[in-house]
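Student: Got a structure for you, written out below as structure tokens; questions coming shortly.
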Amino acid sequence: MLKSTRMKLNYRIVIFALAIVFGIFFSAPSLFQLKDGKKVTLGLDLQGGLHMLLGVKTEEATKSRIKSIAASVKNFSNRNDILVDSLKFDATTTSFTLLDVDDIESMNDFLKGLKGLNVSLVGETYSLSLTPEEIIRTEEQAVDQAIETIRNRLDQFGLAEPIVARQGDEKILVELAGIKSQEEEQRARELISRAAKLELMAVDEERNARVYKMSASDAAAYGDVILEDVKNPAIKYLVREIPILDGNMLTDASMGFDQNNRPLINFKLNAEGAEIFGDFTGKSVGKRLAVVLDGQVYSAPNINERIGGGSGQISGNYTVMEAKDLSIALRSGALLAPIYLMEKRSVGPSLGADSIKASMVALIGGFILVIAFMLIYYRAAGVIANIALIANLFIILAVMSLFGATLTLPGMAGIVLTVGMAVDANVIISERIRELIYEGKSMHKAIEEGYSNAMRAILDANITTLIAAVVLYAYGTGAIKGFAITISIGILASMLTAILGTHGIYQMLESRIQKSHNNRFWFGIKG
Amino acid sequence: MEFFKYTRTFNFMGKSKKALVLSVLLVLASYALLVTKGLNYGVDFAGGTIVQVKYDKTAPIDEMREKLKSNILFDGATITEFGAPDEVVIRMKSTTGNVTVDVGDVTREALTGTGNYTIRRVDIVGPKVGSELKEKGIMSLVFAILGILVYVAFRFEWRFAVASIVALVHDISIALGAITLVGLDVNLDVLAALLTILGYSLNDTIIVFDRIREGITDSRNVALSDTINESITRTLARTTLTSLTTFFVVFTLFMFGGEIIHAFSFTLLVGIVVGTYSSVFVASPILLWFGFDVKNYHNKLAEKAKREAEKQRMRDQYESGVM
Chain A
17 MLKSTRMKLN
27 YRIVIFALAI
37 VFGIFFSAPS
47 LFQLKDGKKV
57 TLGLDLQGGL
67 HMLLGVKTEE
77 ATKSRIKSIA
87 ASVKNFSNRN
97 DILVDSLKFD
107 ATTTSFTLLD
117 VDDIESMNDF
127 LKGLKGLNVS
137 LVGETYSLSL
147 TPEEIIRTEE
157 QAVDQAIETI
167 RNRLDQFGLA
177 EPIVARQGDE
187 KILVELAGIK
197 SQEEEQRARE
207 LISRAAKLEL
217 MAVDEERNAR
227 VYKMSASDAA
237 AYGDVILEDV
247 KNPAIKYLVR
257 EIPILDGNML
267 TDASMGFDQN
277 NRPLINFKLN
287 AEGAEIFGDF
297 TGKSVGKRLA
307 VVLDGQVYSA
317 PNINERIGGG
327 SGQISGNYTV
337 MEAKDLSIAL
347 RSGALLAPIY
357 LMEKRSVGPS
367 LGADSIKASM
377 VALIGGFILV
387 IAFMLIYYRA
397 AGVIANIALI
407 ANLFIILAVM
417 SLFGATLTLP
427 GMAGIVLTVG
437 MAVDANVIIS
447 ERIRELIYEG
457 KSMHKAIEEG
467 YSNAMRAILD
477 ANITTLIAAV
487 VLYAYGTGAI
497 KGFAITISIG
507 ILASMLTAIL
517 GTHGIYQMLE
527 SRIQKSHNNR
537 FWFGIKG
Chain V
34 MEFFKYTRTF
44 NFMGKSKKAL
54 VLSVLLVLAS
64 YALLVTKGLN
74 YGVDFAGGTI
84 VQVKYDKTAP
94 IDEMREKLKS
104 NILFDGATIT
114 EFGAPDEVVI
124 RMKSTTGNVT
134 VDVGDVTREA
144 LTGTGNYTIR
154 RVDIVGPKVG
164 SELKEKGIMS
174 LVFAILGILV
184 YVAFRFEWRF
194 AVASIVALVH
204 DISIALGAIT
214 LVGLDVNLDV
224 LAALLTILGY
234 SLNDTIIVFD
244 RIREGITDSR
254 NVALSDTINE
264 SITRTLARTT
274 LTSLTTFFVV
284 FTLFMFGGEI
294 IHAFSFTLLV
304 GIVVGTYSSV
314 FVASPILLWF
324 GFDVKNYHNK
334 LAEKAKREAE
344 KQRMRDQYES
354 GVM
């Protein structure tokens, strides 16, 4: 009882105690893996996962824009009985010639409705290309649409919290945690990158018999393309280059089963698509319709009658998993432009677990070493410094949990390093106090002046380290950012624990230290 | 426990010539290594692919090499043990842009028949990303040094700032030399370690400088070398202690942190040793050689104090006048 009355409460110790409570409270969910409360997120390098930077081939988006313009010109002229000759397109332009000069007016009206076009008319020959602004807009849209599409697809893939974000002008960052195997990872990548471009195309029945003797350029001369069968690439089809309709008009796709219980995909078209589809099938009874997905023919059934209602099926040789992924891809829409891999970092879950184990061993080992060292060298002052060090670890973890920061392997290294650096402040302070005791100052003076003398150096030293950490954060990528974060939080927390906290403890114990006259016990020095 | 008694002042500046020779030799040797052998850029900066494979027994490296010959994608690929005999990394220059089937998948297929293995890590860095990371890396070093230069110049004096930067360049050079000597892959983690060395070495230097500043301001002695010797001696216990504790933890990281963090902890280990040395034997003597004039500094301080006093007097007068 007597002893405790000698201990004075002061504002520093109160703040320190609050900080410790804060640290323990908010780090508990992460430490003990509680169900409730915010937890530290483990980086992909620790829990395993896939990180990718994807590029978008935006020039392909403009190409397909041109192609779809050709398709709409064709649809328009078919519907209005306008006779159009040599409708062609290449990478930048669609061109065609009107057979009847009287149709120029209605064609012009129609083209005016299409935005962003450069239309030039020489005689009866039109050539259509995109305006420069439209090209930029199309490319921009291709990236936006790719992000949106990939996000939609991944949301349905079944992994928790996929990250899909734009990085820079045209890069897409994809991060997937919790992937269990290389096979699953590849499945995810396949889903992401699949163009999922559905086209319904007319088989050119007049020339299809000769398809095996034709080259691609022969086919192009007739406005056709040669496509392979998905199951057997040896089977080839000659189809009209401009599709009857494409996946834009798709409203839904889902997996189903045929009468033999094999998986297939059912799709539905919107009203416009249904009308075009109905018109086409009505006109083409007895011919074949090719169901083309990403440039491969999945089936080419005979058209027996006009098909209204706008729904259809894609049968193929898929497993249930493939059919499911494919219907996800179709549902979330086609990629306007293909994507390609710029950077990939993939860590298997077992490696992540190994990394956690190894860095925990290093953390605990280093921690014990430092604590023992401080104890031997400084005695009671060492105990005080160690209390601050332990509090520091809790606070780092608490702050990271609270802000949902990501703990990476370099971040773990940062914490280990912080253990070494955080005691530095206490070393500086303790050395100053020792000096002042040697100079014969009173305990009160030694402590107060010790702190104020040490303060300037500690501040300057910490601020310069912070400068390096901030630069590292600004220029670092991925896991390295995690290092900058833990170092920064560690430094800031050490100001609270190693400086303010220990000062509070000394002030509280001051009269006791004074009365004991045992500098060996308190500061590990003689006298 | 005490490492050093404060009763005796060590004559560090007396040894500064010898230290200079040592430093110059080390830095020159580092540059010679950098020029002749060159830094070994890893995939992060050079672009390329790393595939880490773990077997359930000792990895059949020869057999793997034979298998990888089948595909030109693996031209010039190297296979090295990674931490344990059952684990290897395959490094290659080639990268692939295909998202669905990448060079990691091709490797997995190619190794079929070499035993039971799992692919634990695949890093693919395309050439564009690699050069971007390199550019960013250099920028980060430059900006960190600039930021520190400005801060120290602001807090101390320009000569202190230049001296600390010289010490930093000294440390980074020797660390790079050591990395080259050992032939470590320079990746993002090594860059992070270099930036940490910047911060760490500067910490040490600033603690000493702070003492020197204090010594200059407080004492009447105008011989800078005496003040420096005394300041270094007084901070020696702290320098040794902090370096030791930091060294301990980084050493445990180096020993037990796993192969993947090896390059990082090695760079830090070198940096801690060199950084501690440079704060005593590089940064402080430079102050001396730059002709930091204590008398001049005293005069400046006195003048500043006088100006402050004058201002205060004026303010007092003004206030009393208004009253």
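Residue numbers (the numbering used here), protein chains in the order written: chain A, 17 to 543; chain V, 34 to 356. Heads up, the beta-carbon is just placed ideally off N, CA and C, and yes, glycines get one too.
1. Would you say Thr-278 of chain V reaches chain A, if we count a Cβ-Cβ gap shorter than 8 angstroms as a contact?
2. Using 8 angstroms as the threshold, is the stretch 467-475 of chain A in touch with the stretch 356-375 of chain A, meaning 3 or more CB pairs across them?
3. Is there contact between the stretch 449-469 of chain A and the stretch 414-429 of chain A, where contact requires at least three CB pairs shorter than 8 angstroms?
4. Mapping DSSP to helix, strand and coil, what is Leu-18 of chain A?
5. Could you check whether the Cβ of Glu-177 of chain A sits closer than 7 angstroms to any heavy atom belonging to the ligand ZN?
6. Shorter than 8 angstroms from the beta carbon of Thr-480 of chain A to some beta carbon of chain V?
7. Go ahead and label Arg-450 of chain A buried or exposed: buried means 16 or more other beta carbons lie within 10 angstroms of its beta carbon, across all protein chains shown.
8. Got a sec? Which residues, its chain only, sit under 7 angstroms from Asn-44 of chain V by beta carbon, not counting five neighbours each side?
9. Could you pull the start and end residues of the alpha helix (DSSP H) that Thr-78 of chain A belongs to?
10. Return the CA-CA distance between Leu-18 of chain A and Arg-528 of chain A, expressed in angstroms with no decimal places.
11. Beta-carbon of Val-386 of chain A versus every beta-carbon of chain V: anything under 8 angstroms?
12. Are the C-beta of Lys-161 of chain V and some C-beta of chain A separated by less than 8 angstroms?
13. Distance, Cα to Cα, Trp-322 of chain V vs Leu-53 of chain V?
14. Run down chain A in chain order and give the residues with a C-beta less than 7 angstroms from the C-beta of Val-158 of chain V.
15. Taking only the alpha-carbon atoms, compute the straight-line gap between Glu-191 of chain A and Asp-262 of chain A and give it to the nearest angstrom.
16. Residues of chain V with CB under 8 angstroms from Gln-202 of chain A, in chain order?
17. Excluding the 5 residues preceding and the 5 following Leu-391 of chain A in the sequence, name in chain order all residues of the same chain whose CB lies nearer than 8 angstroms to its CB.
18. What does a CB cutoff of less than 7 angstroms around Val-241 of chain A pick up in its chain, not counting 5 residues either side in sequence?
19. Quick check on Asp-251 of chain V - is its C-beta less than 8 angstroms from some C-beta in chain A?
20. Considering only C-alpha positions, which residue in the set V:Thr-260, V:Leu-277, V:Glu-336 and V:Val-327 is nearest to Met-46 of chain V?
21. Excluding five sequence neighbours on each side, which residues of the same chain lie with their C-beta closer than 7 angstroms to the C-beta of Ala-87 of chain A?
22. Counting only beta-carbon separations shorter than 8 angstroms, does Asp-222 of chain V have a partner in chain A?
23. Report yes or no: is there a C-beta of chain V within less than 8 angstroms of the C-beta of Arg-169 of chain A?
24. Kindly list the residues whose CB is nearer than 8 angstroms to the CB of Ala-143 of chain V, restricted to its own chain and excluding five residues on each side of it in sequence; keep chain order.
25. For a contact defined as C-beta to C-beta under 7 angstroms, what are the partners of Leu-69 of chain A on chain V?
26. Taking 8 angstroms as the CB-CB limit, is Gln-198 of chain A close to chain V?
27. Going by DSSP in three states, Asp-138 of chain V sits in which element: helix, strand or coil?
28. Is the shortest distance between the beta-carbon of Asn-149 of chain V and the beta-carbons of chain A less than 8 angstroms?
29. Does Ile-522 of chain A have its Cβ less than 8 angstroms from a Cβ in chain V?
30. Give me the subset of the stretch 429-458 of chain A whose CB atoms are less than 7 angstroms from a CB atom of chain V, sorted by chain position.
31. State the start and end residues of the unbroken alpha helix (DSSP H) segment that holds Gln-161 of chain A.
32. What do you reckon, are the CB atoms on Gly-116 of chain V and Gly-291 of chain V nearer than 8 angstroms?
33. Can you tell me whether Pro-354 of chain A is buried or exposed, with buried defined as 16 or more other CB within 10 angstroms of its CB?
34. How is Ala-407 of chain A classed by DSSP in three states: helix, strand or coil?
35. Step through the CB atoms of chain A and report whether any lies within less than 8 angstroms of the CB of Gly-130 of chain V.
36. Would you identify the three-state DSSP class for Val-486 of chain A, choosing helix, strand or coil?
Tutor: On the basis of the supplied data:
1. True, the Cβ-Cβ gap to chain A drops below 8 angstroms.
2. As far as the Cβ criterion goes, the stretch 467-475 of chain A does not touch the stretch 356-375 of chain A, which means the pair count is below three.
3. When Cβ pairs closer than 8 angstroms are counted between the two stretches, the stretch 449-469 of chain A is seen not to touch the stretch 414-429 of chain A, the count staying below three.
4. Its pLDDT being 43, under 50, Leu-18 of chain A is placed unreliably in this model, and the coordinates cannot settle the point.
5. Among the components modelled here there is no ligand, and therefore nothing to report on the ligand ZN.
6. True, the Cβ-Cβ gap to chain V drops below 8 angstroms.
7. Classification for Arg-450 of chain A: buried.
8. Asn-262.
9. First-last of the alpha helix (DSSP H) with Thr-78 of chain A: 74-95.
10. Only weak support exists for where Leu-18 of chain A lies, its pLDDT of 43 falling under 50; the coordinates are left without a value.
11. Val-386 of chain A counts as touching chain V.
12. It does: the Cβ of Lys-161 of chain V has a partner Cβ on chain A nearer than 8 angstroms.
13. The straight-line gap from Cα to Cα measures roughly 11 angstroms.
14. Per Cβ cutoff of 7 angstroms: Glu-359.
15. When rounded, the distance between both Cα atoms is 30 angstroms.
16. Chain V residues near Gln-202 of chain A: Thr-133, Val-134 and Asp-138.
17. Only residues of its own chain outside the window of five on either side were considered, and among them Gly-398, Val-399 and Asn-402 have a CB closer than 8 angstroms to the CB of Leu-391 of chain A, listed in chain order.
18. Contacts found: Ala-235, Val-255 and Glu-257.
19. Chain A contact via Cβ: absent.
20. The shortest C-alpha separation from Met-46 of chain V is found at V:Thr-260.
21. Taken in chain order, the residues that qualify are Ile-258 and Pro-259.
22. Chain A has a Cβ within less than 8 angstroms of the Cβ of Asp-222 of chain V.
23. Taking Cβ atoms only, chain V never reaches closer than 8 angstroms to Arg-169 of chain A, which makes this a no.
24. A distance below 8 angstroms between beta-carbons, with the five flanking residues on each side excluded, links Ala-143 of chain V to the following residues of its chain, in chain order: Lys-100, Leu-101, Ser-103, Asn-104 and Phe-107.
25. Neighbours of Leu-69 of chain A on chain V, chain order: Val-162.
26. Answer yes: the Cβ-Cβ gap between Gln-198 of chain A and chain V drops below 8 angstroms somewhere.
27. Reduced to three states, the DSSP call for Asp-138 of chain V is helix.
28. Chain A places no beta carbon closer than 8 angstroms to that of Asn-149 of chain V, leaving this residue out of the contacts.
29. Just to set this straight, residue 522 of chain A is Tyr in the shown sequence, not Ile. No, Tyr-522 of chain A does not count as interfacial toward chain V.
30. The residues in question are Ala-429, Val-432, Leu-433, Val-435, Gly-436, Met-437, Val-439, Asp-440, Val-443, Ile-444, Glu-447, Glu-451 and Tyr-454.
31. Element bounds for Gln-161 of chain A: 148-171.
32. Going by C-beta atoms, Gly-116 of chain V is nearer than 8 angstroms to Gly-291 of chain V.
33. That one is buried.
34. Residue state, collapsed to three classes: helix.
35. Answer yes: the Cβ-Cβ gap between Gly-130 of chain V and chain A drops below 8 angstroms somewhere.
36. If DSSP states are grouped into helix, strand and coil, Val-486 of chain A belongs with the helices.
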